[in-house]
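In terms of our numbering, the sequence shown has 38 at position 50, counting the first letter as 1, and numbering is strictly consecutive.
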Amino acid sequence: MRFRFHRSRRFGPFRLYVDDRGVSWGVSLWRWSWNSRSRRHYVDTPGLGYVELGRGRRRRR
-11 MRFRFHRSRR FGPFRLYVDD RGVSWGVSLW RWSWNSRSRR HYVDTPGLGY
39 VELGRGRRRR R
């Protein structure tokens, strides 16, 4: 069995995530949120839960 590590910390509208894969951050304003790792936009709608608005472009390496 593998142990997983996950921590999150809030700083106002910003959230910092630390887990096994590294560090990412997100922004959450009212019902809209965005995450730096997945680059996805979400809206929390009443009754439906989270709805994905779209994905940002991936960076080429």
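By construction, the Cβ of each residue, glycine as well, lies at the ideal position given by its N, Cα and C atoms. Treat the numbers as computed from the prediction; the structure is a model and nothing was measured.
Counting C-beta pairs closer than 8 Å gives fewer than three between the region 27 to 35 and the region 4 to 13, which falls short of the contact rule.
Annotated as proximal: arginine -5 and valine 6, with beta-carbon spacing under 7 Å.
Collapsing the DSSP output to three states places glycine 0 in coil. Of the candidates Trp20, Ser24, Arg25, Trp20 places its Cα closest to the Cα of glutamate 40. The C-alpha of serine 24 lies about 24 Å from the C-alpha of leucine 36.
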